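Student: Structure provided below as structure tokens; questions to follow.
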Amino acid sequence: MQYWLVVTSPENFRHDREHLDFKFQGLPYRFRKQVQRMAVGDRVVYYIMKLQKFGATATITGDYYEDSSRLWTDEDEIWPSRRPSKPDIVLNDDELIDAKRLIGDLTLI
């Protein structure tokens, strides 16, 4: 099992939490190779840029696919490189974890 860090905007995180329930992970086409390398059982950790906080984790549950339907809030992104997932932990705004508190405990490559 691997852990993948997905960087998202506050708007897209909120949209995922309120409307999409983290049932799949979508990334821009330029990241398709990374999404293809994800495996069933891998975990995704959501980092919310601008807030510098962690907000959710999910587990990959299925195979890579491409879908051009627009689901997120970014006007210029379709995010067609996708994997189905199931949410594990989804935090409310007042529960988000400050990434600065954890950075010393993480190994970055």
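Each step along the sequence shown adds one to the number in this note's numbering, with nothing skipped, and position 45 is 47.
Glycine is no exception: its CB is placed at the ideal position from the N, C-alpha and C atoms.
As the structure is a prediction and not an experimental result, all values here were calculated from the model.
Please classify F33 as buried or exposed, where buried requires at least 16 other C-beta atoms within 10 Å of its C-beta.
Tutor: Within the sequence shown, the letter at position 31 stands for residue 33. Counting Cβ neighbours within 10 Å, F33 comes out exposed, since fewer than 16 surround it.
Student: Specify whether the segment 93-109 and the segment 60-67 touch according to this definition: at least 3 beta carbon pairs, one from each stretch, less than 8 Å apart.
Tutor: They do not touch, by the three-pair rule.
Student: Could you tell me which of L98, M3 and L108 sits nearest to M51, measuring between CA atoms?
Tutor: In the sequence shown, counting from the first residue as 1, residue 51 sits at position 49. Ranking the options by Cα distance to M51, first place goes to L98.
Student: Please report the straight-line C-alpha distance between W74 and H17, rounded to a whole angstrom.
Tutor: Within the sequence shown, numbered from 1, the residue matching residue 74 stands at position 72. Within the sequence shown, numbered from 1, the residue matching residue 17 stands at position 15. Those two C-alpha atoms are separated by around 7 Å.
Student: Straight-line CA distance for R39 to K55?
Tutor: The residue given as residue 39 occupies position 37 in the sequence shown. The residue given as residue 55 occupies position 53 in the sequence shown. Near 25 Å, if we compare the C-alpha coordinates of K55 and R39.
Student: Let me check one thing: in DSSP terms, what residues is P86 bridge-paired to?
Tutor: Position 84 of the sequence shown, counted from the first residue, corresponds to residue 86. Bridge partners of P86: F26.
Student: Is it buried or exposed, L29, if we count other Cβ atoms within 10 angstroms and call 16 or more buried?
Tutor: Here residue 29 refers to the residue found at position 27 when the sequence shown is read from its first residue. L29 comes out buried.
Student: Looking at P86: is its Cβ nearer than 8 Å to the Cβ of K25?
Tutor: Along the sequence shown, read from residue 1 onward, the residue named residue 86 stands at position 84. Along the sequence shown, read from residue 1 onward, the residue named residue 25 stands at position 23. A contact, by the Cβ cut-off of 8 Å.
Student: Count the other CB atoms, across all protein chains shown, that sit within 10 Å of the CB of R84; report buried if there are 16 or more and exposed otherwise.
Tutor: Within the sequence shown, residue 84 is the residue found at index 82, counting from 1. It counts as buried.
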